[in-house]
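In my numbering, the protein residues as written are 154 to 289.
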Amino acid sequence: MIVRLPEQTLAAQILARVEEISGQNLYSCYQCGKCAAGCPVVSEMDLLPSQLIRLLQLGETEAVFASKTMWLCASCLTCAARCPRGVDVAKVMDALRALRQRSGAEVVEISRLPATLVEELPQQALVSGFRKFTPY
């Protein structure tokens, strides 16, 4: 008799893919909140970084991809420095952005920005900002 295990759900596949791309074990996170406590842009996020990881753990991928948190992460690595479990949240955010873009999500194009803004911003700000929107 052949016993077949149920196929992974889409949410489990997404979680596995995020872990593969980021190299992080998301189940290591136990929601201490230290990542959010040190985050310089947390006040602008609709989900705390720890909440986003918890949603991934629970398979709530629609809520994760509907959130603006992954796009606001500054990748400053303060979260990784504070995490007692060694979870690099910035790598998780990078992985989520990459998966979202691969799914056909619209990305920002420099031609859509007002010319005055492009002229005023330092080139480094543009490069680092658009790094987030470049697929792997």
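The beta carbon of each residue, even a glycine, is placed where N, CA and C say it ideally should be. Bear in mind that the values here come from a model prediction, so they are computed numbers and not experimental data.
Just mark residue i as buried or exposed, buried being the case when its beta carbon has 16 or more other beta carbons within 10 Å.
i: residue 166; result: exposed
i: residue 168; result: buried
i: residue 245; result: buried
i: residue 250; result: buried
Of the residues the options, which one's Cα is nearest the Cα of residue i?
i: residue 243; options: 251, 273, 233; result: 233
i: residue 236; options: 186, 164, 170, 163; result: 186
i: residue 220; options: 274, 202, 230; result: 202
DSSP on residue i, reduced to helix/strand/coil?
i: residue 182; result: coil
i: residue 231; result: helix
i: residue 187; result: helix
i: residue 244; result: helix
Could you give the distance in angstroms between the alpha-carbon of residue i and the alpha-carbon of residue j?
i: residue 195; j: residue 163; result: 28 Å
i: residue 247; j: residue 199; result: 17 Å
i: residue 130; j: residue 269; result: Missing from the structure shown is residue 130; the chain here goes from 154 to 289 and no further.
i: residue 272; j: residue 264; result: 12 Å
i: residue 178; j: residue 197; result: 26 Å
i: residue 175; j: residue 274; result: 30 Å
Q) Would the segment 208-218 and the segment 187-196 be scored as touching if the rule is three or more Cβ pairs under 8 Å? A) no
Q.
Three or more C-beta pairs under 8 Å: does that hold for the segment 177-184 against the segment 213-223?
A. no
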